[in-house]
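Enquirer: Residue numbers (this note's numbering): 930 to 1307.
The beta carbon of each residue, even a glycine, is placed where N, CA and C say it ideally should be.
The structure follows.
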């Protein structure tokens, strides 16, 4: 068990759901204790190999801890404290004691803005400032539309991520479910801080999409797309485009950002005959893009900058944290398992922290890629 009386976290590995739940409960220091207050809520992240046992694990964890309300999801890799769990059956959990008037579970699966408003009616109206921590199904095609309506029509700030895994993926919101989104809604009276860090560095210049078709870039700056791409990435990479696609991506600038913020999308194909680029995002003619490069050193420096900044802005202390990082980060970008979350904990001071590696990261009601999103209870 690690944490304050109000926030505690634990991690455990193993393939038997009941045993896993028992180990988590014991490490949360709630086993055989008096039942916790009704305002205790839990965050639960489960490795994708255990997703089929999600209901049994959740029931066992409820029985062992007395905590009835849980939110979370499955991930192909998990984060707990200073540890990153890859390719092993595991679960991480954090319990938080909050005022019962300050939070509500989004039980889902929510698949529309209207359905979300209905769930939050009487608790959080669109014109009220609030925070949402969301978990999304990777097959939910309406996620970006939902986030856009939250951004445009409410005063809510949203963080979270998209479940990941090679097989079945699930979410937890009082029950085990799939599809849409679920999560936790918090009133503005709960002190939170959130930041994100990018895993790429921009290459020089921005470009106009002067001709597009759906997700296909036909022309950049009035020129065929592929020759422009070759010029930007340089002669060495231009000779091996297959290698280039491993770490050169498209950046979509955030309108109005004063920090040069952008969302990253993969280049998913190249047409050598017609000089076209295909991108993992529907595009609009006239918008601006940039090319970005996955860069381990730049990612480390940006992560260190981000956690130092958020720590300095919260001198009163941090009670607990949720960290959602891209599946392309972690050991894939920082070298060794535990390096990324170790940087976070070095700055925060070993606070209770749980999370997972995601198929997309949610920050400020936008869907990112190759990004780490840190949400702090301060």
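1) Give the DSSP-derived three-state secondary structure of residue 1005 in the structure shown.
2) By Cβ distance, which residues of its chain are closer than 8 Å to residue 1055, with the 5 residues on each side in sequence left out?
3) If you pair each beta-carbon of the stretch 1245-1262 with each one of the stretch 1086-1105, do three or more pairs fall below 8 Å?
4) Should residue 991 and residue 1113 be called a contact, given that it needs their Cβ atoms to be closer than 9 Å?
5) Cα separation between residue 985 and residue 947?
6) Use the C-beta contact count for residue 940: other C-beta atoms within 10 angstroms, 16 or more gives buried, fewer gives exposed.
7) If you check the beta carbons only, do residue 1306 and residue 1121 fall under 9 Å apart?
8) Thinking C-alpha only, which one of 1284, 1299, 968 and 1229 is nearest residue 1265?
9) Is the stretch 951-958 in contact with the stretch 1035-1042, if contact means three or more CB pairs nearer than 8 Å?
10) Can you name the residues that DSSP bridges to residue 1042?
11) Since residue 1130 contacts residue 1221 with CB under 8 Å, what's their CB separation in whole angstroms?
12) Pick helix, strand or coil for residue 1203, following the three-state DSSP scheme.
13) Using the rule of at least 16 other Cβ atoms within 10 Å of the residue's Cβ for burial, across every protein chain shown, is residue 964 buried or exposed?
14) How far does the beta strand (DSSP E) with residue 1254 in it reach, from first residue to last?
15) For residue 1197, does the three-state DSSP call read helix, strand or coil?
16) Work out the CA separation of residue 995 and residue 962 for me, nearest whole Å.
17) What are the boundary residues of the alpha helix (DSSP H) that includes residue 984?
18) Do the stretch 1153-1172 and the stretch 1101-1111 meet, that is, are 3 or more Cβ pairs less than 8 Å apart?
19) Who are the Cβ neighbours of residue 930 in its own chain at under 7 Å, not counting the five residues just before and after it?
20) Just list the alpha helix (DSSP H) runs in the stretch 1041-1070, keeping only unbroken ones of 4 residues or longer that don't cross its boundaries, in chain order.
21) On a Cα-Cα basis, can you pick out the residue from 1166, 1153 and 1190 that is closest to residue 1204?
22) Measure the alpha-carbon distance for residue 1286 versus residue 1168 and round it to whole angstroms.
23) Just how far apart, CA to CA, sit residue 1012 and residue 1119?
24) Please find out if some non-hydrogen atom of the ligand SAH comes closer than 8 Å to the beta-carbon of residue 1092.
25) For residue 1142, count neighbouring C-beta atoms within 10 Å of its own C-beta (all shown protein chains included) and say buried if the count is 16 or more, exposed if not.
26) Which whole-angstrom value is the C-beta distance of residue 1127 and residue 1300, which I expect to be below 8 Å?
27) In angstroms, rounded to a whole number, what distance separates the CA positions of residue 1099 and residue 1048?
28) Are the beta-carbon atoms of residue 976 and residue 935 separated by less than 9 Å?
29) How about residue 1110 and residue 1178: are their beta carbons less than 9 Å apart?
30) Tell me, please, which residues DSSP counts as bridged to residue 1012.
31) For the beta strand (DSSP E) containing residue 1291, list its first residue and its last residue.
Expert: Looking at the coordinates:
1) For the purposes of this step, residue 1005 is taken as the residue at position 76 of the chain shown. Residue 1005: coil per DSSP, three-state reduction.
2) Within the chain shown, residue 1055 is the residue found at index 126, counting from 1. 1046, 1082, 1083, 1084 and 1085, listed in sequence order.
3) yes
4) Your numbering for residue 991 matches position 62 in the chain shown. Your numbering for residue 1113 matches position 184 in the chain shown. Going by C-beta atoms, residue 991 is not nearer than 9 Å to residue 1113.
5) Translated into the one-based positions of the chain shown, residue 985 becomes position 56. Translated into the one-based positions of the chain shown, residue 947 becomes position 18. For residue 985 and residue 947, the gap between their C-alpha atoms comes out near 7 Å.
6) As a first step, residue 940 is located in the chain shown; it is residue number 11 there, counting from the start. Looking at its Cβ environment, which holds 16 or more other Cβ atoms inside 10 Å, residue 940 is buried.
7) Here the question's residue 1306 lines up with position 377 in the chain shown. Here the question's residue 1121 lines up with position 192 in the chain shown. It is a contact, given that the beta carbons lie within the stated cut-off.
8) Your numbering for residue 1265 matches position 336 in the chain shown. Among 1284, 1299, 968 and 1229, the Cα nearest to that of residue 1265 is on 1229.
9) no
10) The residue labelled residue 1042 in the question sits at position 113 within the chain shown. Note: residue 1042 sits in no beta bridge, so no partner.
11) Taking the chain shown and counting its residues from 1, one reaches residue 1130 at position 201. Taking the chain shown and counting its residues from 1, one reaches residue 1221 at position 292. Indeed they touch by this definition, with Cβ atoms about 7 Å apart.
12) On the chain shown, position 274 is the one that residue 1203 refers to. Note: residue 1203 maps to coil in three-state DSSP.
13) Your numbering for residue 964 matches position 35 in the chain shown. At residue 964, the pLDDT of 49 sits below 50, so the modelled position is not reliable and the matter cannot be decided from this model.
14) Your numbering for residue 1254 matches position 325 in the chain shown. Its beta strand (DSSP E) spans residues 1249-1255.
15) Position 268 of the chain shown holds residue 1197. Assignment of residue 1197 by DSSP, reduced to helix, strand and coil, places it in the strand class.
16) The residue you call residue 962 lines up with position 33 of the chain shown. The residue you call residue 995 lines up with position 66 of the chain shown. With a pLDDT of 49 at residue 962, under the threshold of 50, the modelled position of that residue is not reliable, and the figure given next carries that caveat. Cα-Cα distance, rounded: 9 Å.
17) Translated into the one-based positions of the chain shown, residue 984 becomes position 55. First-last of the alpha helix (DSSP H) with residue 984: 983-994.
18) no
19) Within the chain shown, residue 930 is the residue found at index 1, counting from 1. Unreliable positioning characterises residue 930 in this predicted model, as indicated by a pLDDT of 44, which lies under 50. The coordinate reading is nonetheless provided below. Only 937, 939, 956, 957 and 958 meet the Cβ criterion.
20) Secondary structure within the stretch 1041-1070: the alpha helix (DSSP H) runs of 4 or more consecutive residues, fully enclosed, are 1042-1049 (chain order).
21) One-based indexing of the chain shown puts residue 1204 at position 275. Selected option, being the one with the closest Cα: 1153.
22) Numbered from 1 along the chain shown, position 357 holds the residue referred to as residue 1286. Numbered from 1 along the chain shown, position 239 holds the residue referred to as residue 1168. Distance between the alpha carbons of residue 1286 and residue 1168: 32 Å.
23) Within the chain shown, residue 1012 is the residue found at index 83, counting from 1. Within the chain shown, residue 1119 is the residue found at index 190, counting from 1. Answer to the nearest angstrom: the Cα atoms are 27 Å apart.
24) With respect to small molecules bound, the structure shown includes none, and the ligand SAH cannot be examined in it.
25) Within the chain shown, numbered from 1, the residue matching residue 1142 stands at position 213. When all chains shown are included, residue 1142 counts as exposed.
26) If you number the chain shown from 1, residue 1127 lands on position 198. If you number the chain shown from 1, residue 1300 lands on position 371. So it is a contact: roughly 6 Å between Cβ atoms.
27) Taking the chain shown and counting its residues from 1, one reaches residue 1099 at position 170. Taking the chain shown and counting its residues from 1, one reaches residue 1048 at position 119. C-alpha separation (whole angstroms): 20 Å.
28) If you number the chain shown from 1, residue 976 lands on position 47. If you number the chain shown from 1, residue 935 lands on position 6. The answer is no: Cβ separation not under 9 Å.
29) Translated into positions along the chain shown, residue 1110 becomes position 181. Translated into positions along the chain shown, residue 1178 becomes position 249. Not in contact: residue 1110 and residue 1178 (Cβ atoms no closer than 9 Å).
30) What you label residue 1012 is simply residue 83 of the chain shown in a count that begins at 1. BP columns for residue 1012 point to 1009.
31) Counting from 1 along the chain shown, the entry for residue 1291 is found at position 362. Taken as a continuous stretch (DSSP letters only), the beta strand (DSSP E) holding residue 1291 covers 1290-1292.
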